[in-house]
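*Asks:*
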Amino acid sequence: MKKRTFVVKEKGQQGDVLFKKIGGLPDGCRRILAPGRIVLAEGEATGHAHAVCDAEGCELYERDGTLYLRVTERPREVRHEEHLPMKLSPGIWEIGRVLEHDYLEEDTRPVAD
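All residue numbers for the sequence shown refer to numbering that gives the first Met the number 0, where the first residue is 0 and numbers rise by one.
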């Protein structure tokens, strides 16, 4: 059975990683050179990664610990070993993490994958 791939146009989620299209790169971003495969988030427990395997037409940026992905050409596929693949449409994407709040500890933290 072939895995279905869908194109995300504005907002999306793959596991614990959030994708949000924004209007432009924030001031002060620095470009990260990542030839070939761009890893957007690595799993803490499994070692699996959310990654753009064909990074041609993509540029990765970082500012204050937040990653931004510029997709300059056709939609690019994001893959993860445990999730359906998804494609990000051309534009600038802010990469975030799903947060969980522990009311007993009074702490908010990223969900661990």
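Glycine is no exception: its CB is placed at the ideal position from the N, C-alpha and C atoms.
Given the structure is predicted, the values throughout are model-derived calculations rather than measurements.
Within a Cβ cutoff of 8 Å, which residues of the same chain sit near Ile37, ignoring the five residues on either side of it in sequence?
*Replies:* Around Ile37: Ala50, Val51, Ala54, Cys57, Leu59, Leu68.
*Asks:* Under a three-way DSSP split, which group does Arg73 fall into?
*Replies:* coil
*Asks:* What is the rounded straight-line gap between the Cα of Val16 and the Cα of Ala33?
*Replies:* 19 Å
*Asks:* Which partner residues does Ala93 have in the DSSP bridge list?
*Replies:* For the record, residue 93 in the displayed sequence is Glu; it is not Ala. Answer is Lys19, Tyr67, bridged to Glu93.
*Asks:* Could you tell me if Arg78 is buried or exposed, where buried requires 16 or more neighbouring beta carbons within 10 angstroms of its beta carbon?
*Replies:* buried
*Asks:* Answer with buried or exposed for Ile91, where buried requires no fewer than 16 other C-beta atoms within 10 angstroms of its C-beta.
*Replies:* buried
*Asks:* Look at the alpha carbon of Val97 and the alpha carbon of Ala48, and state the distance between them as a whole number of angstroms.
*Replies:* 15 Å
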